[in-house]
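Undergrad: Below is a structure I'd like to ask you about.
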Amino acid sequence: MNWISIKRITNLGLTNFWRNRWLSLASTLVMTLTLLIISLFVVMTIVIGKTTDRIKAKMDITVYFKDSATTDEISDIQQKLAARSDVKEVRYISKEEALQIWNEKQKNQRIRELVTTDENPLPRSLAVKAIDPSNLNNIADYLSSDDFRSIIHKISYEENKQIIDKLLAITSFIKKLGTFFSIIFIIMSILVILNTIRLTIFTRKQEIEIMRLVGASDRFIKVPFIVEGALYGFLACILAMLLLWIGIGLITPLTNQYLGETVSQNMRNFFAGHFGLILLLQFLVGILVGIGCSLFSIRKYLKV
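In our numbering, the protein residues as written are 147 to 450.
And the structure:
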């Protein structure tokens, strides 16, 4: 196929697109929504999943002791924890170190001055890191046993666990919701594009018949419709990326409110850092869906 044939076939595809511009617009918009929904839910799922993994990796158990606990009792628990195969590190935090941590974290001068070296109500504690974050639950259960209840005031793991459970629940919900809407819109895209191509074939039925009578090959007849389908995918990809960029900005207040600023920032960073990859994947999906629908639509007619 020479350059003149390629140019002519491409022009025919563009002409088909413009002739049925309202149907072409509908096909492009439905595919745009499909690519947008898939991309948005995939980005959110990946970002929340990675954020959860980071939190898990940093997560530890802090065991706060009662003032009545003796140094020997605390040391005994520290040794028992260090001997466990699922524990990576056990660090003792004295009242003095706890005060130092308090002063570093507390920005309000008046509140910070409420706790002093002479009047230090902060408890002694052990910071326990697990080899695998999934083992933290077992370690927490071990520390919650009756053997240590008389000297342990509080175990901080439950608060951290609630954060992780919340993020995991949100991730699961987003996956299910994203899958549901993605399937619905993929089906809609396929149906709309199939009907658009079929209508184009019907309106050009006589023209196609004449082309076949004068010896035009199936390829020459088929390719303009393939170009038309590919054009739907290309335009949908461009629009979807633009709407995705706008959409991430619009949902930032919601993600800040329900997921925290860290997730919002990670989402923006992920989109900016993977812009090229997201664009490429959208382009491939859009083009493949458009071309696939075109081939499926014209196959029946060309067999007649």
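Note that beta-carbon positions come from the ideal geometry of N, C-alpha and C, so glycine has one too.
Buried or exposed: Val360, going by 16 or more other Cβ atoms within 10 Å of its Cβ?
TA: It is exposed - the Cβ of Val360 has fewer than 16 other Cβ atoms within 10 Å.
Undergrad: On the CB-based measure, 16 or more other CB atoms within 10 Å of its CB, does Ile301 come out buried or exposed?
TA: By the neighbour-count rule (16 or more Cβ atoms within 10 Å), Ile301 is buried.
Undergrad: Where do the N-terminal and C-terminal ends of the beta strand (DSSP E) with Ile298 fall, by residue?
TA: 298-301 is the span of the beta strand (DSSP E), which, as asked, contains Ile298.
Undergrad: Taking just the CA atoms, how far does Glu235 sit from Glu219?
TA: Their backbone Cα atoms lie some 18 Å apart in a straight line.
Undergrad: Using 10 angstroms around the beta-carbon of Val450, count the other beta-carbons present and answer buried if the total reaches 16, otherwise exposed.
TA: Note that Val450 has pLDDT 45, beneath the 50 cutoff, so the model's placement of it is unreliable and no number is given.
Undergrad: Using 10 angstroms around the beta-carbon of Asp287, count the other beta-carbons present and answer buried if the total reaches 16, otherwise exposed.
TA: Burial call: exposed.
Undergrad: Classify Val360 as helix, strand or coil using the three-state DSSP reduction.
TA: Residue state, collapsed to three classes: coil.
Undergrad: Which residues does DSSP list as the beta-bridge partners of Ile424?
TA: Paired residue(s): none; Ile424 is not in a bridge.
Undergrad: Beta-carbon within less than 6 Å of Ser410's beta-carbon, same chain only, minus the 5 sequence neighbours each way: which residues are those?
TA: Excluding residues within five positions, the ones whose Cβ falls inside 6 Å are Thr398, Thr401, Asn402.
Undergrad: Quick one: Cα of Ile367 to Cα of Leu426, how far?
TA: Near 29 Å, if we compare the C-alpha coordinates of Leu426 and Ile367.
Undergrad: Which class does Thr178 belong to by DSSP, given the choice of helix, strand or coil?
TA: Helix at Thr178.
Undergrad: Where does the unbroken beta strand (DSSP E) through Ile223 begin, and where does it stop?
TA: That residue, Ile223, is in no beta strand (DSSP E); its alpha helix (DSSP H) goes 217-228.
Undergrad: How should Glu374 be labelled, buried or exposed, when 16 other C-beta atoms within 10 angstroms of its C-beta is the threshold for buried?
TA: Buried is the call here.
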